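**Student:** The numbering used here applies: residue 995 is where the sequence shown begins, and numbers increase by one.
In this text, a Cβ means the ideal position worked out from N, Cα and C, and glycines have one as well.
Treat the numbers as computed from the prediction; the structure is a model and nothing was measured.
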Amino acid sequence: MSRVIGLGLLLAGLLYPFAVYFGMEHFAPWQFGLLLGSLWLARALSGVRRPGSLWMAIVAIGFCLLLALFDSPAMLRWYPVLISGFMLVLFGLSLKYGPPMIERLARLREPRLPPKAIRYTRQVTVAWCVFFLCNGLCAAALTLWAPLSWWMLYTGLISYGLIGLMFAIEWLIRQRVRGHP
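This is the structure:
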């Protein structure tokens, strides 16, 4: 059941900018808040405990409650900023309290990492922190000063393309670091 809830949150996050852009004519902001808040509450109650999951759920539920309470169309646009902030905090805290997030992911595939790889994963985690900071700042700027269509284009397409580009660049660099052609 927790996988279904996680998948629901992932899909809601991916489709959120489009839902806001195309759904504003049919749904009120409080309805978006109720739906998102329900997904986050279900995740919090599902019993799956991962690092940061409880505090993220509490903050997200708080955001959704404010969204439902104020019924503000302008508040709808802050959700992608919140998600980038979550990712920045998760990756940033992993640098401080270790192991870095990318090292954790790398150890899933290769449990014994050499010191060179551990240094590399720390650098990649820093790069992702910079990315999430910049992504959140772009989403915030678009939320504050751009038309809804620009916000939707960036948060719904461009930011995902940049994530893909970041993965591709990191993969290419990793191949060079590992000594593969």
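#1: Okay, do the region 1163-1173 and the region 1024-1036 touch, 3+ Cβ pairs below 8 Å being the bar?
#2: Is the beta carbon of A1133 sitting closer than 7 Å to the one on P1074?
#3: Can you list the beta strand (DSSP E) stretches of 3 or more residues lying completely in the region 1107-1138, in chain order?
#4: Measure how close the beta-carbons of Y1015 and M1095 come, nearest whole angstrom, since I'm counting them as under 8 Å.
#5: Between the Cα of L1209 and those of I1055, K1110, V1120, spot the shortest distance and give me the residue it belongs to.
#6: Using 10 angstroms around the beta-carbon of L1166, count the other beta-carbons present and answer buried if the total reaches 16, otherwise exposed.
#7: Leaving out five residues before and five after Y1114 in sequence, what residues of the same chain have Cβ atoms less than 8 Å from its Cβ?
#8: Could you give the residue range of the alpha helix (DSSP H) that holds W1165?
#9: Between C1123 and G1086, how many whole angstroms is the CB-CB distance? I'm expecting something under 8 Å.
#10: Under three-state DSSP, which class holds E1019?
#11: Between G1046 and the rest of its own chain, which residues show a CB-CB distance below 6 Å, the 5 nearest in sequence each way excluded?
#12: Check A1006 in the structure and name its three-state DSSP category.
#13: If R1028 and A1062 are in contact, beta carbons under 8 Å, what's the gap, nearest whole angstrom?
#14: Would R1071 be called buried (16 or more neighbouring beta carbons within 10 Å of its own) or exposed?
#15: Compare the C-alpha of P1023 against each of A1038, L1003, F1057, L1048 and name the closest.
#16: For Q1117 and E1019, I'd like the C-alpha separation in whole angstroms.
**Tutor:** A quick look at the data gives this:
#1: no
#2: Against the sequence shown, residue 1133 aligns to sequence position 139. Against the sequence shown, residue 1074 aligns to sequence position 80. With contacts defined by Cβ atoms closer than 7 Å, A1133 and P1074 form a contacting pair.
#3: none
#4: As a first step, residue 1015 must be located in the sequence shown, where it is residue number 21. As a first step, residue 1095 must be located in the sequence shown, where it is residue number 101. Contact doesn't hold; Cβ gap of about 31 Å is too wide.
#5: In this structure the chain extends from 995 to 1175, so residue 1209 is not present and cannot be described.
#6: Your numbering for residue 1166 matches position 172 in the sequence shown. The residue in question, L1166, is exposed, as its Cβ has fewer than 16 Cβ neighbours within 10 Å.
#7: Translated into the one-based positions of the sequence shown, residue 1114 becomes position 120. Closer than 8 Å at Cβ, skipping near neighbours: R1168, V1171.
#8: On the sequence shown, residue 1165 is found 171 positions in, with the first residue counted as 1. W1165 -> alpha helix (DSSP H) spans 1153-1172.
#9: Numbered from its first residue, the sequence shown carries residue 1123 at position 129. Numbered from its first residue, the sequence shown carries residue 1086 at position 92. About 5 Å separates the two Cβ atoms, so the contact holds.
#10: In the sequence shown, counting from the first residue as 1, residue 1019 sits at position 25. Coil.
#11: For the purposes of this step, residue 1046 is taken as the residue at position 52 of the sequence shown. The answer, listed in chain order, is L1084.
#12: To locate residue 1006, count along the sequence shown from 1; it is residue 12. Helix at A1006.
#13: Indexing the sequence shown from 1 puts residue 1028 at position 34. Indexing the sequence shown from 1 puts residue 1062 at position 68. Residue identity differs from the one stated: residue 1028 is Leu in this sequence, not Arg. With 8 Å as the limit, L1028 and A1062 qualify as a contact, their Cβ atoms being about 6 Å apart.
#14: Translated into the one-based positions of the sequence shown, residue 1071 becomes position 77. R1071 should be labelled buried.
#15: To locate residue 1023, count along the sequence shown from 1; it is residue 29. Ranking A1038, L1003, F1057, L1048 by Cα distance to P1023 puts F1057 first.
#16: Locating residue 1117 in the sequence shown gives position 123, where the first residue counts as 1. Locating residue 1019 in the sequence shown gives position 25, where the first residue counts as 1. Taking the straight line joining both Cα atoms gives about 44 Å.
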